[in-house]
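Residue numbers for the sequence shown follow my numbering, so the first one is 295 and each next one is one higher.
Beta carbons: idealized from backbone N, C-alpha and C, even for Gly.
From a predicted model like this one, the values you see are computed outputs, not experimental measurements.
Here the structure is laid out as structure tokens; the discussion comes afterwards.
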Amino acid sequence: MRCLMISATLVAMAWTQSAFPAQETLQNDGFASGATVTFQGGFVAGEMAAARFVPQIGCPCIIETISLLFGGAVETRDVGINIWDDSAGSTVPGPLLFTGTVSLTGSNVNLQEIDFSLSPVLVDGPFRVGLEFTHSGLPSVATDLDGTIDATANFILADIGVLFWFQSQTLGVSGDFVIRATIDNLVSPDTDEDGITDDMDNCTEVANADQRDSNGDGHGNACDFDYTNNCVVNFLDLAPFSDAFGATTGDANFNDDVDLDGDGVINFLDFGAPPNNFAAAFTNPPGPSANACTPAP
Numbered sequence: 295m296r297c298l299m300i301s302a303t304l305v306a307m308a309w310t311q312s313a314f315p316a317q318e319t320l321q322n323d324g325f326a327s328g329a330t331v332t333f334q335g336g337f338v339a340g341e342m343a344a345a346r347f348v349p350q351i352g353c354p355c356i357i358e359t360i361s362l363l364f365g366g367a368v369e370t371r372d373v374g375i376n377i378w379d380d381s382a383g384s385t386v387p388g389p390l391l392f393t394g395t396v397s398l399t400g401s402n403v404n405l406q407e408i409d410f411s412l413s414p415v416l417v418d419g420p421f422r423v424g425l426e427f428t429h430s431g432l433p434s435v436a437t438d439l440d441g442t443i444d445a446t447a448n449f450i451l452a453d454i455g456v457l458f459w460f461q462s463q464t465l466g467v468s469g470d471f472v473i474r475a476t477i478d479n480l481v482s483p484d485t486d487e488d489g490i491t492d493d494m495d496n497c498t499e500v501a502n503a504d505q506r507d508s509n510g511d512g513h514g515n516a517c518d519f520d521y522t523n524n525c526v527v528n529f530l531d532l533a534p535f536s537d538a539f540g541a542t543t544g545d546a547n548f549n550d551d552v553d554l555d556g557d558g559v560i561n562f563l564d565f566g567a568p569p570n571n572f573a574a575a576f577t578n579p580p581g582p583s584a585n586a587c588t589p590a591p
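What follows is the structure, given as structure tokens:
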């Protein structure tokens, strides 16, 4: 758990991770600019409005921003921002991942954006974002008026003598809280699920955990039908295959580059199986691979 003061003003991104392969904005609400909303003025100091989010991109991810519509009055108020792991999906959230304080000035029309780039929060699945009030009444969080509510994604920590979590619908709230989160994927995908992420895999669409690359061209044998190393699979590549056909390891005409499956014998199995075979690769570059193809001199 970390506790710090963060600013609600926009600042330049300071997270220096390499370019992320995916970004996603998560929201439950149907609010669009100019739409009518209800500002929930019934909250008292110490209570919270919270939204649960389920990432669709692969995580772990960092939370880049939290956005919300906070209005009904123009006063400036300090509010708490809390983020929990919410993998269990129960009414009570899981472990607290972050707590901090922001200063917000009420606005009836503009989404306010809280930038987490200087204090990124790591999530690895569903999480909950809670807005904790230090005042009673307005300004307050908005709910949409699109006629629907996701009961499993909107919660209130209410003071009923003790603070207790409820689904917001239980307390008469009929719309989704206008609270959103933008996340970024920290990990490159692994399309072929061979344990090598796409940014490092020499065959991104054919599983080859051994990364075998007998000719060292940056394209693994498992997806490299370009035996002539001219960066295109064509009829010229049939000659090396034909010359080595039937050979086994140790034979004079054995060609390790043509032994795509690495079993030590050159046969029709080395033409691959659909959809990753010689016919599918024909007229295309080898791969695909994380590495660019450079024709042999």
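Given residue i, which residues of its chain have a CB within under 7 angstroms of its CB, disregarding the five upstream and five downstream residues?
{"i": "A445", "result": "Q461 and Q463"}
{"i": "I490", "result": "D484, A503 and Q505"}
{"i": "N614", "result": "The structure shown does not extend to residue 614, since the chain spans only 295 to 591, so no value can be given for it."}
{"i": "T319", "result": "R474 and T476"}
What residues in its chain sit with their C-beta under 6 angstroms from that of residue i, if we drop five residues either side in the sequence?
{"i": "A574", "result": "none"}
{"i": "N402", "result": "G365"}
{"i": "D495", "result": "A584"}
{"i": "F576", "result": "V527"}
By how many angstroms is the C-alpha of residue j removed from the C-alpha of residue i?
{"i": "P315", "j": "P483", "result": "With a pLDDT of 48 at P315, under the threshold of 50, the modelled position of this residue cannot be trusted; read the value that follows with caution. Their backbone Cα atoms lie some 8 angstroms apart in a straight line."}
{"i": "N578", "j": "P389", "result": "50 angstroms"}
{"i": "I351", "j": "V396", "result": "28 angstroms"}
{"i": "C497", "j": "P591", "result": "23 angstroms"}
{"i": "S508", "j": "G581", "result": "14 angstroms"}
{"i": "Q406", "j": "S361", "result": "5 angstroms"}
{"i": "L412", "j": "L391", "result": "16 angstroms"}
{"i": "V500", "j": "I477", "result": "29 angstroms"}
{"i": "V368", "j": "T399", "result": "6 angstroms"}
{"i": "G514", "j": "V526", "result": "15 angstroms"}
{"i": "T330", "j": "L465", "result": "21 angstroms"}
{"i": "G544", "j": "D488", "result": "29 angstroms"}
{"i": "Q317", "j": "A546", "result": "52 angstroms"}
{"i": "F458", "j": "P387", "result": "11 angstroms"}
{"i": "G290", "j": "I408", "result": "The shown model of the chain, from 295 to 591, leaves out residue 290, and the question about it has no answer."}
{"i": "L480", "j": "C353", "result": "7 angstroms"}
{"i": "G441", "j": "V467", "result": "11 angstroms"}
{"i": "L363", "j": "G455", "result": "28 angstroms"}
{"i": "D518", "j": "L530", "result": "14 angstroms"}
{"i": "T385", "j": "N404", "result": "30 angstroms"}
{"i": "L563", "j": "D555", "result": "7 angstroms"}
{"i": "V348", "j": "L416", "result": "14 angstroms"}
{"i": "F333", "j": "G431", "result": "10 angstroms"}
{"i": "G558", "j": "A533", "result": "19 angstroms"}
{"i": "I300", "j": "P433", "result": "Note that I300 scores a pLDDT of 35, beneath 50, so its modelled location is shaky; the value from the coordinates is reported in the next line. Their Cα atoms are separated by approximately 20 angstroms."}
{"i": "G335", "j": "I443", "result": "18 angstroms"}
{"i": "A447", "j": "P569", "result": "41 angstroms"}
Please list, in chain order, all residues of the same chain as residue i whose beta carbon is under 8 angstroms from its beta carbon, the five residues on each side excluded.
{"i": "I560", "result": "F535, A538, F539, G540, A541, T542, F548, N549, V552 and D553"}
{"i": "C587", "result": "D511, G512, H513, D520, C525, P579, P580 and G581"}
{"i": "P414", "result": "W309, I356, I357 and E358"}
{"i": "F410", "result": "I300, I356, I357, E358, T359 and I360"}
{"i": "T370", "result": "S397, L398, T399 and G400"}
List the residues that DSSP assigns as beta-bridge partners of residue i.
{"i": "D409", "result": "T359"}
{"i": "G566", "result": "N571"}
{"i": "I479", "result": "Note on residue identity: the sequence assigns Asn, not Ile, to residue 479. DSSP lists C355 as partners of N479."}
{"i": "L320", "result": "A475"}
{"i": "M342", "result": "E426 and L451"}
{"i": "D438", "result": "V331"}
{"i": "L398", "result": "R371"}
For the ligand ADP, I want to know if residue i counts as a neighbour, meaning its beta carbon is within less than 7 angstroms of at least one of the ligand's heavy atoms.
{"i": "L390", "result": "In the structure on display, the ligand ADP does not appear, and there are no ligands present to speak of."}
Whole-angstrom Cβ separation of residue i and residue j, contact assumed at under 8 angstroms?
{"i": "D372", "j": "T428", "result": "5 angstroms"}
{"i": "P589", "j": "N528", "result": "Not a contact, Cβ separation roughly 13 angstroms."}
{"i": "T393", "j": "N376", "result": "5 angstroms"}
{"i": "D453", "j": "G340", "result": "6 angstroms"}
Q.
With a threshold of 8 angstroms, are at least 3 pairs of Cβ atoms found where one atom belongs to the region 421-430 and the other to the region 376-387?
A. yes
**Q.** Three CB pairs or more closer than 8 angstroms across the region 470-485 and the region 337-352
**A.** yes
(Q) With three or more beta-carbon pairs closer than 8 angstroms as the criterion, would you say the region 322-333 touches the region 429-437? (A) yes
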